[in-house]
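> Start counting the sequence shown at 1431; every next residue gets the next number (the working numbering). Next up is a structure, given as structure tokens.
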Amino acid sequence: MDYEELINYLLVQFPSLKEEYIENDHIHGLPHCVYETILVPEIEVWCKTKNDHNLVKLGNFLEELLLSDDTKIKEVVNVSVLEPIVLGSKDIIPYLSRHLYGVTLQELIYWQKRYSINDN
1431 MDYEELINYL LVQFPSLKEE YIENDHIHGL PHCVYETILV PEIEVWCKTK NDHNLVKLGN
1491 FLEELLLSDD TKIKEVVNVS VLEPIVLGSK DIIPYLSRHL YGVTLQELIY WQKRYSINDN
């Protein structure tokens, strides 16, 4: 996996996001934008509707990305997924964190501490 494959990998793992990605052609080829503007709102929906299937899949997906050797991939997860959730969607963190583990959970906690948000 490398940075250039990040969008395609997301769409393979979560095919339900393809339609929105196609509609937002101004962000094609921009992983940070795609993950923040398409994936994060979907994560919010999954948490609010208690879509455990997708959240378990998400937990595995994010963990895989954070275990990558590519620092640009790790930056996308941190800066365009976890940080925006902590800053804008902190109400979903208790439910979301149940589906995260390992490095992903550690990174989420880091962002919460960085912004002094202790909902975990």
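All C-beta atoms in this analysis are idealised placements derived from N, C-alpha and C, irrespective of residue type, glycine included. Since we're looking at a predicted model, the values are computed, not measured.
Please confirm whether Val-1470 and Val-1511 have their CB atoms less than 8 Å apart.
By 1-based counting over the sequence shown, the position of residue 1470 is 40. By 1-based counting over the sequence shown, the position of residue 1511 is 81. Contact flag set, yes.
> Between the segment 1493 to 1500 and the segment 1450 to 1467, can you find at least three pairs of beta-carbon atoms closer than 8 Å?
no
> Beta carbon of Leu-1535, beta carbon of Ser-1546: below 8 Å?
As a first step, residue 1535 is located in the sequence shown; it is residue number 105 there, counting from the start. As a first step, residue 1546 is located in the sequence shown; it is residue number 116 there, counting from the start. No, the pair does not count as a contact, with Cβ atoms beyond the cut-off.
> With 16 as the cutoff for other CB atoms within 10 Å, does Asn-1484 come out buried or exposed?
Here residue 1484 is taken as the residue at index 54 of the sequence shown, counted from 1. Its Cβ being crowded by 16 or more others within 10 Å, Asn-1484 is buried.
> Could you give the DSSP three-state label for Asn-1550: helix, strand or coil?
The residue you call residue 1550 lines up with position 120 of the sequence shown. Its pLDDT being 48, under 50, Asn-1550 is placed unreliably by the model, and nothing is read from it.
> Report the CB separation of Gln-1443 from Lys-1487 in whole angstroms; it is logged as a contact under 8 Å.
Mapped onto the sequence shown, residue 1443 falls at position 13. Mapped onto the sequence shown, residue 1487 falls at position 57. Rounded, the Cβ-Cβ distance is 7 Å, consistent with contact.
> Span of the alpha helix (DSSP H) holding Pro-1514?
Taking the first residue of the sequence shown as 1, we reach residue 1514 at position 84. Membership of Pro-1514 in the alpha helix (DSSP H) is indicated by the continuous run 1513 to 1518.
> Going by Cα to Cα distance, which pick from Gln-1542, Trp-1541, Glu-1537, Gly-1518 is closest to Leu-1492?
By 1-based counting over the sequence shown, the position of residue 1492 is 62. Considering only alpha carbons, the answer is Glu-1537.
> Pull up the distance between the alpha-carbon of Tyr-1525 and that of Leu-1517, whole angstroms please.
Along the sequence shown, read from residue 1 onward, the residue named residue 1525 stands at position 95. Along the sequence shown, read from residue 1 onward, the residue named residue 1517 stands at position 87. In a straight line, the C-alpha of Tyr-1525 is about 16 Å away from that of Leu-1517.
> Does the separation of the CB atoms of Tyr-1451 and Ile-1473 fall below 8 Å?
Within the sequence shown, residue 1451 is the residue found at index 21, counting from 1. Within the sequence shown, residue 1473 is the residue found at index 43, counting from 1. Cβ distance not < 8 Å, so Tyr-1451 and Ile-1473 don't count as in contact.
> Grab me the residues of Asn-1490's own chain with a C-beta within less than 6 Å of its C-beta, minus the 5 sequence neighbours each way, in chain order.
Here the question's residue 1490 lines up with position 60 in the sequence shown. If we look at Asn-1490 and ignore the five residues flanking it on each side, it has no Cβ neighbours.
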